[in-house]
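Asks:
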Amino acid sequence: MRLLRPGLIIVYVLVMVGGISSGCGEAPPCETSLITLDETRLDAETYEEEATETRGRVAELENNLAKKKDQIAAIEDKPAELEKKVRELKKGSGRE
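The sequence shown: position 70 = 736 (this note's numbering), numbered continuously.
#1: Tell me the rounded alpha-carbon separation between Ala733 and Ala725.
#2: Any idea what DSSP makes of Lys744, helix, strand or coil?
#3: Mapping the DSSP letters down to three states, classify Pro672 as helix, strand or coil.
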């Protein structure tokens with residue numbers, strides 16, 4: 667029984683080394699039509715153009731958001747002044 671264990675370990679190691687060295691072999695050639703490749707290339711170009719446009723739009727929207735946040739921050743500290751202006755506008759329009 668003792669003699670079988672080292673023999674099994676050696677066989678196991680040899681099988682593993684043989685499996686690793688043989689690998690999976692070469693990949694089979696791709697059988698895709700040229701039309702499919704051209705369509706895929708055109709789709710990729712279209713998506714890249716859309717991504718570029720979207721990046722520009724995102725930058726513009728982030729800039730607008732920053733401006734609005736600045737406006738909100740400037741107004742947040744002045745609720746009393748704003749209430750006074752609202753009352754004056756109501757008086758001028760005849761609602762008070």
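Every residue, glycine too, gets a C-beta built ideally from N, C-alpha and C.
Please read all numbers here as calculations on a predicted model, not as lab measurements.
Replies: The answer reads as follows:
#1: Position 67 of the sequence shown, counted from the start, is the residue given in the question as residue 733. Position 59 of the sequence shown, counted from the start, is the residue given in the question as residue 725. The residue you asked about is not Ala; residue 733 is Lys in the sequence shown. Their backbone Cα atoms lie some 13 Å apart in a straight line.
#2: Locating residue 744 in the sequence shown gives position 78, counting from the first residue. In this structure, Lys744 counts as coil in the three-state DSSP scheme.
#3: Reading the sequence shown from its first residue, position 6 is the one you call residue 672. The answer is helix: DSSP assigns Pro672 an H, G or I state.
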